[in-house]
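Residue numbers (UniProt numbering): 1 to 312.
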C-alpha cells in the first residue's frame, strides 16, 4: 500500500490524519523487519518481566537498588509498547494511518516515559552514591518510604513539560503534508509538517531536553565522580572491584540511553537525515529496553542466582 498524501498540501486545509512512513522505503524487507521487531518486542517483554518478578519475590533482592530496577524494567516495557505494536500493525496491515489524537497520545506518552526513565537513571545513581559513599546512613537515607517517594517524584516530574509541549505542537496547523517520515510520532518529524512559526516548539524541545537529559546527566556525573573518588580510596583491590561491579550495569545503561538520544536530538538541523534519525531512534526505543535485562544480569551474581531459582 502506497502512502497517500493529504489534500492539505494543495488547498491549505489542516490534515485530519497522518501517515507513518516508517520503513516503507524498504518494501523487500518488510517480512524481515516484522520478524526482527517481533523478536525484539518479545525479548523486551519476557526479559524485563522476569526482572520485575524476581525483584518482587526473591528475598535476597529486597533492596532499594532492585526496587528501582523493577521500576526501570516496568518503564522499559511501557516505553517499547508505545511504539512497537503500532509499527507491527503498520507492517502487517499496510495501513500506516494514525489520527491526530492517536499521534498526540503516542507522542505524549513517549515523552513522559522517556523523561521518567531519564530521571529514574539519576535516582539510581543517587542510590549507588549513598550505598558506596555513605554506607552507614544507607538504611536511613534509602528507606522503603524514601524509595517510593523518589520513584513517584521521577514519574510526576516527567508529566508537566510533555503536556505543555504536546499541546503546543498540536495547536499548530499541519498543512504541508500528512506523511511523517518516521515509524512513530516523534517530535521533530511531526513538527516538520507544521505551518507558521515553530520557534516556540523548537525552543520547548531544547528546554525539555535540558530538563530531562542535561540536568539528570549532570547529577549522574556528580554522583559517579564521588563514587569513583571513594572507590579509589578503598584499601583492597577486591573491595574496589566489588564496589565498581555494582555500578557497571547502571553506567552501561546510562551510556546507551543518553548516547543515542543525544546524537538523535542534539545534532544541528542541517545535519538531520530522516533515515538516519529512524535508525538512531531504534537504539533508545527498542535496543536499550531489549538489552536492559542482560545488562543488569550478566555481572550481577544476586540476579543470576534469583533467575536460577525461578528457572531451574
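Cβ coordinates follow ideal geometry from the N, Cα and C atoms, glycine included.
Beta-carbon proximity of residue i to residue j, cut-off 9 angstroms
i: residue 237; j: residue 114; result: no
i: residue 51; j: residue 34; result: no
i: residue 142; j: residue 64; result: yes
i: residue 218; j: residue 43; result: no
i: residue 209; j: residue 117; result: no
i: residue 165; j: residue 187; result: yes
i: residue 41; j: residue 88; result: yes
i: residue 278; j: residue 54; result: no
i: residue 313; j: residue 91; result: The requested residue 313 is not part of the displayed model; the chain covers only 1 to 312.
i: residue 199; j: residue 128; result: no
i: residue 231; j: residue 20; result: no
i: residue 119; j: residue 154; result: yes
i: residue 246; j: residue 131; result: yes
i: residue 235; j: residue 47; result: no
i: residue 110; j: residue 82; result: yes
i: residue 86; j: residue 244; result: no
Residue i - DSSP class collapsed to helix/strand/coil
i: residue 34; result: helix
i: residue 67; result: helix
i: residue 21; result: coil
i: residue 293; result: helix
i: residue 55; result: helix
i: residue 300; result: coil
i: residue 85; result: helix
i: residue 309; result: helix
i: residue 42; result: helix
i: residue 232; result: helix
i: residue 61; result: helix
i: residue 26; result: coil
i: residue 15; result: coil
Between the CA atoms of residue j and residue i - distance to the nearest angstrom
i: residue 205; j: residue 80; result: 21 angstroms
i: residue 125; j: residue 307; result: 24 angstroms
i: residue 112; j: residue 158; result: 5 angstroms
i: residue 252; j: residue 295; result: 7 angstroms
i: residue 32; j: residue 22; result: 14 angstroms
i: residue 233; j: residue 137; result: 19 angstroms
i: residue 7; j: residue 193; result: Here the model assigns residue 7 a pLDDT of 46, short of 50, so the residue's position is not dependable, and the following value carries that caveat. If you take the alpha carbons of residue 7 and residue 193, they lie about 13 angstroms apart.
i: residue 39; j: residue 287; result: 11 angstroms
i: residue 242; j: residue 25; result: 48 angstroms
i: residue 123; j: residue 189; result: 31 angstroms
i: residue 107; j: residue 60; result: 38 angstroms
i: residue 9; j: residue 284; result: Note that residue 9 scores 46 on pLDDT, short of 50, meaning its location in the model is unreliable; the coordinates nonetheless yield the value given after this. Their Cα atoms are separated by approximately 32 angstroms.
i: residue 36; j: residue 229; result: 43 angstroms
i: residue 311; j: residue 202; result: 49 angstroms
i: residue 221; j: residue 227; result: 10 angstroms
i: residue 98; j: residue 62; result: 42 angstroms
i: residue 280; j: residue 250; result: 21 angstroms
i: residue 275; j: residue 146; result: 43 angstroms
i: residue 263; j: residue 94; result: 30 angstroms
i: residue 195; j: residue 178; result: 12 angstroms
Cβ distance (whole Å) where residue i is taken to contact residue j below 8 angstroms
i: residue 191; j: residue 161; result: Not quite, the Cβ-Cβ distance comes to about 16 angstroms (not below 8 angstroms), so this is no contact.
i: residue 18; j: residue 103; result: 5 angstroms
i: residue 144; j: residue 68; result: Not really, about 12 angstroms apart at Cβ, beyond 8 angstroms.
i: residue 121; j: residue 254; result: 6 angstroms
i: residue 15; j: residue 174; result: 5 angstroms
4-residue-minimum alpha helix (DSSP H) runs that sit fully inside the segment 153-210, ordered along the chain
Entirely contained in the segment 153-210, the alpha helix (DSSP H) runs reaching 4 residues are, in chain order, 160-170, 187-191 and 199-209.
Just list the alpha helix (DSSP H) runs in the segment 91-164, keeping only unbroken ones of 4 residues or longer that don't cross its boundaries, in chain order.
With a minimum length of 4 residues, the continuous alpha helix (DSSP H) runs that stay inside the segment 91-164 are 100-133, 138-141 and 144-157.
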